[in-house]
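There are 4 protein chains.
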Amino acid sequence: MARTIGSNGARTAQAIRQAGVQLIYRHGYEAMSLRQLAAEVGLQSGSLYKYFDNKQSLLFDIVRDHMEDLLGKAEADLAGVEDPLARLKVFCAFHLRYHMTRLAHVFIANMEIRSLDEAHRAVVVGLRRRYEGLLEGILRQGAELGVFEVREPKVATYAIISMLTGICMWYLPGGRLSQDEIVDAYTALVIGGVTGGTPLAESLSAPLAPVAAPADLPARGKPVRKAARA
Amino acid sequence: MARTIGSNGARTAQAIRQAGVQLIYRHGYEAMSLRQLAAEVGLQSGSLYKYFDNKQSLLFDIVRDHMEDLLGKAEADLAGVEDPLARLKVFCAFHLRYHMTRLAHVFIANMEIRSLDEAHRAVVVGLRRRYEGLLEGILRQGAELGVFEVREPKVATYAIISMLTGICMWYLPGGRLSQDEIVDAYTALVIGGVTGGTPLAESLSAPLAPVAAPADLPARGKPVRKAARA
Amino acid sequence: MARTIGSNGARTAQAIRQAGVQLIYRHGYEAMSLRQLAAEVGLQSGSLYKYFDNKQSLLFDIVRDHMEDLLGKAEADLAGVEDPLARLKVFCAFHLRYHMTRLAHVFIANMEIRSLDEAHRAVVVGLRRRYEGLLEGILRQGAELGVFEVREPKVATYAIISMLTGICMWYLPGGRLSQDEIVDAYTALVIGGVTGGTPLAESLSAPLAPVAAPADLPARGKPVRKAARA
Amino acid sequence: MARTIGSNGARTAQAIRQAGVQLIYRHGYEAMSLRQLAAEVGLQSGSLYKYFDNKQSLLFDIVRDHMEDLLGKAEADLAGVEDPLARLKVFCAFHLRYHMTRLAHVFIANMEIRSLDEAHRAVVVGLRRRYEGLLEGILRQGAELGVFEVREPKVATYAIISMLTGICMWYLPGGRLSQDEIVDAYTALVIGGVTGGTPLAESLSAPLAPVAAPADLPARGKPVRKAARA
DNA sequence: GATGAATGAGGGTTCATTCAT
DNA sequence: AATGAATGAACCCTCATTCAT
């Protein structure tokens with residue numbers, strides 16, 4: 001019944017993960033050095049490699065685990081709710097609360113996708129697609145049932161998720177507004193947006209002049225002479 | 001009327017700026033190396049220093065110039081429009097078109113603020129505040145006149161700007177939808193959101209269980225042992 | 001009793017210090033590159049940073065340690081000697097022997113103070129002041145007791161120390177003269193100087209025309225456009 | 001009788017020389033950059049090459065000209081003075097006044113010999129030898145005539161020159177002491193030293209323990225793997 | 001499970017110098 | 001006489017990573 005000393009390993013692994021999340025959150029993946037991380041958990045930097053294969057996989061693990069957690073919890077919250085409007089409210093509330101509770105993870109998952117290499121990014125993008133699919137499904141269902149007025153469910157999905165996720169750019173626990181108030185404020189915007197507030201008489205954008213394209217926007221995706229990531 | 005063979009300062013400066021924008025857009029500021037940038041414009045990396053003081057100031061110049069341009073053009077577009085609803089439509093259309101036309105600049109300005117050092121970041125954040133102020137003013141004015149139903153103008157401002165700005169995460173020129181269609185879709189969401197679609201019976205978030213806080217979210221702002229940016 | 005193959009931290013640290021002293025001695029601090037130093041001890045240049053924080057601190061460590069050693073040993077040699085003349089002889093002998101034995105350190109400590117940054121220089125200058133204080137104390141004591149004839153003890157201190165230290169500009173072990181002979185020769189000059197040889201009839205310098213100041217000597221301390229040292 | 005505009009060139013050359021002296025004096029030859037120098041005289045750095053072949057030759061010109069000036073003026077001052085004691089006084093006074101008047105040149109000539117390449121250094125060392133020869137001649141002459149008591153004229157020469165030259169390490173115009181007072185103080189030390197003050201009973205250094213040689217002083221002149229300067 | 005010495009590549013940056021204009 | 005664009009080499013330094021112990 002003796003407690004194995006070795007269980008230390010699991011604790012260290014957890015400490016690394018937590019410190020990694022905080023460091024990436026605060027400085028960015030590229031700007032975080034493994035020396036910093038090691039110092040944070042009281043190790044030599046070389047010792048970190050007992051706990052991950054390389055810096056990249058640390059990021060991937062964090063982001064993947066986060067996305068799976070997000071997806072799983074969202075599905076759990078939506079389970080059993082049938083009505084599209086109710087489902088949308090549940091989704092909004094879940095998304096907001098989750099983001100307010102896990103600022104760091106969420107921030108990383110949104111900002112550091114670019115730092116993932118091809119293969120890892122594909123996995124994460126896939127998970128993200130599935131998560132977006134939840135909302136898109138709700139919007140399509142509601143549109144079919146006539147309760148939502150959404151012309152472009154795909155666009156609306158991106159728009160709503162961007163809006164809700166934006167909370168992690170300004171929210172700080174202990175601010176003036178309670179989480180409930182924030183959820184209400186955001187949800188009102190979403191519900192209003194998809195149930196059509198004041199009807200729009202005609203094309204809103206017609207009379208406006210287009211913005212001229214600047215010179216420095218050549219064909220996107222043009223390859224760089226040397227790959228940025230070895 | 002002799003044409004200079006290779007060296008034309010102004011042209012080189014412009015080429016550096018454009019290549020810099022593209023490289024930062026595609027790889028991120030931290031991940032872009034000045035050797036890469038120099039290669040892109042056909043120079044030695046040391047020669048770049050004829051055109052900027054250091055890597056940081058290149059980023060700052062790009063972001064500052066962009067923000068001032070954005071702010072100036074927004075104000076120009078709004079000039080003379082009085083009605084809050086009309087102003088809101090103008091704002092949405094302007095913001096979206098601008099973002100669709102300057103994906104790279106916009107993306108950088110949103111993603112790389114973190115890479116700016118203290119002093120530079122303050123300047124950019126100030127410009128951003130002023131830009132947000134435009135929208136917040138519109139929302140407050142509309143709320144006072146009773147045409148908008150917005151409980152928390154600050155939150156609504158953040159929410160709407162996040163939503164509109166999110167377009168630079170997915171939009172690619174030449175897609176299925178025209179810029180007009182995209183503007184319409186987004187604008188409908190915004191207008192609906194602030195004019196209140198279907199009224200919300202009661203607090204929307206009440207019945208939902210709060211998300212448990214994860215272990216790895218200690219007090220934010222905890223100092224890192226060694227500053228990431230010297 | 002296993003012998004480590006290659007890596008022995010303490011030994012490497014010592015090797016770096018020694019090679020650093022030699023390289024700075026021979027080429028000067030500014031002219032010595034860390035690549036050179038690394039090559040000298042069989043390392044990659046980056047590996048040196050396990051052993052010091054930066055090039056500047058390597059220099060500082062060398063100079064500070066040297067000055068403390070010098071000061072400590074001088075005080076030890078003088079301990080218990082009371083008579084000013086005897087103390088002066090001890091000081092001369094100590095200083096000369098020390099300098100003949102540690103040419104490189106001494107040379108560095110005298111030539112590279114300028115390469116130390118503000119804070120480090122202050123420390124070293126402080127140590128140097130204390131060392132000079134030893135000699136000045138001896139001269140003042142001797143003057144009070146009437147055994148020395150020294151009008152300006154401060155000037156005499158600088159003069160004597162310059163004279164004695166100058167040995168590191170020409171001395172090479174194995175030369176024609178033994179260390180004893182050299183010590184005797186220098187000490188005779190010092191003792192004669194402060195005990196007053198042939199009395200000086202009148203002001204020695206009066207009849208001589210002053211040297212005209214050259215044009216290139218404006219007010220000293222005029223600031224340089226850009227600081228040499230960041 | 002019109003003033004040629006081109007005479008500007010000579011003025012610029014002079015300005016460069018003066019600024020160069022000041023910059024090298026204050027920062028050291030290695031630490032001075034040609035950009036700094038160019039800025040000081042209001043030129044582009046490339047334009048400096050109209051006035052010298054390279055950085056090295058700028059230093060050489062400064063040092064050589066200074067040494068020749070020093071030597072010439074010393075010889076002039078000594079001309080016609082026959083008596084060794086008088087000659088010694090003249091030498092001391094000349095040397096001190098010259099050094100107090102040309103701090104920058106003198107400092108450079110003493111500190112930057114190491115920065116001269118082989119061939120240039122040889123020239124300067126030759127001039128320095130000739131200058132030392134003046135003093136050595138005086139000492140030998142005085143010793144032969146019995147007015148000086150100098151066992152090792154070579155050592156005494158080095159010692160005295162080091163002592164006198166040391167003034168440029170601390171002297172600042174406008175200090176407490178006049179140049180006359182300083183000259184007197186130093187000259188008294190020199191004259192006393194060579195005319196033998198209190199006779200030294202026996203070998204002064206005999207009873208003192210030798211200083212142990214440190215480990216970091218291998219054979220001097222050991223070549224460096226790579227030449228410091230290309 | 002962890003150390004600590006070391007690597008090798010690459011980072012941003014500065015420099016003396018060249019040369020067409 | 002001077003500019004200003006550019007070079008190419010070298011600088012100090014940091015990094016992720018490896019591995020014998």
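So the sequences go chain by chain: A, B, C and D.
Just so it is clear: in the first sequence, position 50 is 50 by my numbering, and no numbers are missing.
Just so it is clear: in the second sequence, position 140 is 140 by my numbering, and no numbers are missing.
Just so it is clear: in the third sequence, position 66 is 66 by my numbering, and no numbers are missing.
Just so it is clear: in the fourth sequence, position 20 is 20 by my numbering, and no numbers are missing.
Glycine included, every Cβ here is placed at the ideal spot set by N, Cα and C.
Asked: Tell me, to the nearest whole angstrom, how far the beta carbon of Phe94 (chain A) is from that of Asp77 (chain A); I am working on the premise that it is less than 8 Å.; Found: 5 Å
Asked: Gly82 (chain D) by DSSP, collapsed to three states: which one?; Found: Per the sequence presented here, residue 82 (chain D) reads as Glu, with Gly not at that position. Coil, per DSSP.
Asked: Tell me the residue span of the alpha helix (DSSP H) that contains Ile113 (chain B).; Found: Taken as a continuous stretch (DSSP letters only), Ile113 (chain B) belongs to no alpha helix (DSSP H), as it is neither H nor E.
Asked: Measure the C-alpha to C-alpha separation of Leu96 (chain A) and Thr165 (chain A) and round it to an integer number of angstroms.; Found: 7 Å
Asked: Applying the criterion that 16 or more other CB atoms from any shown protein chain within 10 Å of the CB defines a buried residue, is Ser57 (chain D) buried or exposed?; Found: exposed
Asked: Can you grab the Cα-Cα spacing for the pair Thr157 (chain B) / Asn8 (chain B), in whole Å?; Found: 44 Å
Asked: Taking Cβ to Cβ, would you say Val194 (chain A) is nearer than 9 Å to Val155 (chain A)?; Found: no
Asked: Would you say Val123 (chain A) and Arg64 (chain A) are within 9 Å of each other, going by their C-beta atoms?; Found: yes
Asked: State the DSSP-derived secondary structure class of Glu68 (chain A), mapped to helix, strand or coil.; Found: helix
Asked: Can you name, in chain order, every residue of its own chain whose Cβ lies under 7 Å from the Cβ of Leu70 (chain A), other than the five neighbours on each side?; Found: Tyr98, Tyr131
Asked: Under DSSP, the alpha helix (DSSP H) around Ala31 (chain B) begins and ends at which residues?; Found: That residue, Ala31 (chain B), is in no alpha helix (DSSP H); it is neither H nor E in DSSP.
Asked: Does Ala13 (chain B) get closer than 9 Å to chain A when you measure Cβ to Cβ?; Found: no
Asked: Could you give the residue range of the alpha helix (DSSP H) that holds Ser162 (chain A)?; Found: 153 to 165
Asked: Could you tell me which chain C residues have their CB closer than 7 Å to the CB of Met67 (chain D), listed as they occur along the chain?; Found: Within 7 Å Cβ-Cβ: nothing; Met67 (chain D) doesn't reach chain C, min ~14 Å.
Asked: Report, in whole angstroms, the separation of the C-beta atoms of Leu85 (chain D) and Gly142 (chain D), which I expect to be a contact under 8 Å.; Found: 7 Å
Asked: Report yes if the C-beta distance between Arg102 (chain B) and Ile113 (chain B) is below 9 Å; otherwise report no.; Found: no
Asked: Just reading off the alpha helix (DSSP H) that Leu189 (chain B) is part of, what are its end residues?; Found: 179 to 195
Asked: Output the distance between the C-alpha atoms of Val160 (chain A) and Ser115 (chain A), rounded to the nearest integer angstrom.; Found: The sequence as given places Ile at residue 160 (chain A); Val does not occur at that position. Answer to the nearest angstrom: the Cα atoms are 25 Å apart.
Asked: Give every residue of the same chain whose Cβ lies closer than 7 Å to the Cβ of Gly20 (chain C), excluding the five residues on either side of it in the sequence, and list them in chain order.; Found: Leu37, Leu58, Ile62
Asked: Given that a residue counts as buried once 16 or more other Cβ atoms are within 10 Å of its Cβ, and exposed if not, what is Leu134 (chain B)?; Found: buried
Asked: Which of the three DSSP states, helix, strand or coil, is assigned to Glu149 (chain D)?; Found: coil
Asked: Compare the beta carbon distance of Met163 (chain B) and Met100 (chain A) with 9 Å and say whether it is the shorter of the two.; Found: no
Asked: How about Ala109 (chain C) and Met169 (chain C): do their beta carbons lie closer than 9 Å?; Found: no
Asked: Taking Cβ-Cβ distances shorter than 9 Å, what residues in chain C pair up with Leu189 (chain D)?; Found: Val150, Val155, Ala156, Ala159, Ile160, Met163, Leu189, Val190, Gly192, Gly193, Val194
Asked: So, Gly192 (chain D) versus Gly196 (chain C), is the Cβ gap smaller than 9 Å?; Found: yes
Asked: At a Cβ threshold of 9 Å, is Tyr186 (chain A) touching chain B?; Found: yes
Asked: Determine the chain B residues that contact Gly142 (chain A) at a beta-carbon separation under 7 Å, and present them in chain order.; Found: By Cβ distance, chain B contributes nothing, its closest Cβ being about 11 Å from Gly142 (chain A), past 7 Å.
Asked: On the criterion of 16 or more Cβ atoms from any shown chain inside 10 Å, does Arg11 (chain C) qualify as buried, or is it exposed?; Found: exposed
Asked: Using a beta-carbon distance below 9 Å, is Glu30 (chain B) in contact with chain A?; Found: yes
Asked: Is the shortest distance between the beta-carbon of Ile138 (chain D) and the beta-carbons of chain C less than 9 Å?; Found: no
Asked: Just the C-alpha distance for Lys50 (chain D) and Arg17 (chain D), rounded to the nearest angstrom, thanks.; Found: 13 Å
Asked: For Asn8 (chain B), does the three-state DSSP call read helix, strand or coil?; Found: coil
Asked: Run down chain D in chain order and give the residues with a C-beta less than 8 Å from the C-beta of Leu177 (chain C).; Found: Glu152, Val155
Asked: Whole angstroms is fine: what's the gap from Glu181 (chain C)'s alpha carbon to Phe148 (chain D)'s?; Found: 18 Å
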